[in-house]
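In full-length UniProt numbering, the protein residues as written are 1 to 596.
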């Protein structure tokens, strides 16, 4: 009983491989495990092989050292050959973890396809009695096993049956995880690392829900970096896969990047911000197509630099003021200066590798930042969308008020009254307070662009956020929606994609197209843009193209209303990519055929 208890509590491998063959030199106290097996038959096969292939050869050697070297070399060679034949990579799973996998399948009667992700030591509260044991987290199940003084406790819960996961703290146990299902509640405590355990539980529960929603099985990512030598011994390839996925998901959500973008790595650094003449502490993130930065202090500053926009990456000379600086220049003549980079040479090498891949791709060489600058006659009038905002007469750059025009701390013009007066002077008979308000918003954005840059590589700060919250002027909505939703990135990297979809989908009929046709004339029927065939045809093309792009969603009610609003402010292709960003990244479960 005591041995069985110790096996479970101390995570001994004796219960997994009860049979072993040990090698010991006569003058040594150390045993070396040559083979192990779960059954007598398995270990006997190993012994017979040793008798035929190894034992007879040993008499040739003159001293013990030669025998030790030969035996070890032979066994390691056999293992390497076996791994090569069976396609097992050395870094796939550690020996300790393989033992845990065998134990997991044996204890809970799980099929071979059920993949174990990780296991943790903890206590499970059965009534008022805590049972010390191990919780096993696999792709589809949460399992617990304990064997204490002859009493066995076993628990198996499917992730899809879990209704709530909570991390609780009580006076007696500061760290406790509560797992609720429809019919019962389970409590686990005394974790060595509760944060890691809880995070993995959440992730696996979410993956199970995603599989339910999408009707898809779990697929392991094979394009992961190799296991580092310093990595903990009890980490499976699957656990590394899930960790990498979680990091990439957080990275994509933080910077609104395309959903296939994978994070390569991140490092601490500083960024020189010209608008306040400071070196801001933060983190640089590097992925296949982007270099991003976010400050440690929330909302202070963030940056997205697509590699397609980069022209020069160069190492500047180090100094005591600016150690290990790195300068990155872009097509719209902006230069970003990073410093305090720990492994600058390696980082530059990674960026240059990704740059080579980017230049070999075909992309649309279009500079969005310069495409909406106002002319002398109009301020930010959009062309190509169904409705352009009303043009305003721009003020002469020599006008007295404009030279004194600055933003206050909240991003609002300090010379508001002066501008209102000037606006009245220009057209007193047509003065419209709403137009005046729009005009002031436009001016605030223009000044913001002058200070923080314009386009995808602009410095995004708290002032940017404040301006968005105060309302984006109608004439700039298409441009800024594309920019801040991240849709601009997908549109720029997929030239011709929308036109091809429209061509392929036109004239084809299915359930989605029938529903689209039914709803076309219900989309903003009072609006002039949708009282003629031009507006209706544009709406039909965008909705049908999206239904063909994403048959899992196809067409859902209310997509027509959203798309018709997008078409009022954006060109047809832009509206399509905004719809993609909305349905697939920003609200991934909102438009769904099951209406969950």
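Built from N, CA and C at the ideal position, the CB exists for glycine as well. Bear in mind that the values here come from a model prediction, so they are computed numbers and not experimental data.
- Contact between the region 505-515 and the region 458-476 is absent: fewer than three C-beta pairs spanning the two stretches fall below 8 angstroms.
- In this structure, residue 542 keeps its C-beta atom at 8 angstroms or more from the C-beta atom of residue 584.
- In this structure, the alpha-carbon of residue 314 lies about 27 angstroms from that of residue 486.
- Apart from the 5 residues on each side of it in sequence, residue 558 has no Cβ closer than 7 angstroms to any other Cβ in its chain.
- According to the DSSP secondary-structure assignment, residue 129 is paired through a beta bridge with 126.
- Distance from the CA atom of residue 434 to the CA atom of residue 444, rounded to whole angstroms, is 16 angstroms.
- With fewer than 16 other CB atoms across the displayed protein chains lying within 10 angstroms of its CB, residue 129 is exposed.
- DSSP places residue 147 in the strand class (E or B) of the three-state scheme.
- Contact fails between the region 314-333 and the region 236-249, because fewer than three Cβ pairs, one in each stretch, are under 8 angstroms apart.
- 8 angstroms or more divides the Cβ of residue 352 from the Cβ of residue 339.
- Leaving aside the five residues that flank residue 182 on each side, the residues in its chain whose CB is nearer than 8 angstroms to its CB run, in chain order, 161, 163.
- Residue 133 sits close to residue 144, with the two beta carbons spaced by under 8 angstroms.
- By a beta-carbon distance limit of 8 angstroms, residue 302 contacts residue 460. Their separation comes to about 5 angstroms.
- At a Cβ-Cβ threshold of 8 angstroms, residue 236 and residue 70 do not count as neighbours.
- Under the Cβ criterion (8 angstroms, minimum of three pairs), the region 113-123 does not count as touching the region 147-160.
- A Cβ-Cβ contact shorter than 8 angstroms links residue 546 with residue 579.
- Residue 450 is classed as exposed because its beta carbon has fewer than 16 other beta carbons within 10 Å across all chains shown.
- The closest CA to that of residue 285, considering only 51, 277, 264, is found on 264.
- Judged by DSSP in its simplified three-state form, residue 268 adopts strand.
- If only uninterrupted alpha helix (DSSP H) runs of at least 4 residues are considered, those enclosed by the region 451-498 are 462-469, 477-485, 487-493.
- Contact between residue 501 and residue 549 holds, with the beta-carbon distance rounding to 6 angstroms and staying under 8 angstroms.
- Residue 524 sits in coil when the DSSP states are folded into three classes, being neither helix nor strand.
- Taking the C-beta atoms as reference points, residue 280 is found no nearer than 8 angstroms to residue 305.
- By the CB criterion at 8 angstroms, residue 140 and residue 239 fall outside the cutoff.
- Here the alpha carbons of residue 346 and residue 193 stand approximately 32 angstroms from one another.
- Annotation: residue 506 is outside any alpha helix (DSSP H) and is labelled neither H nor E by DSSP.
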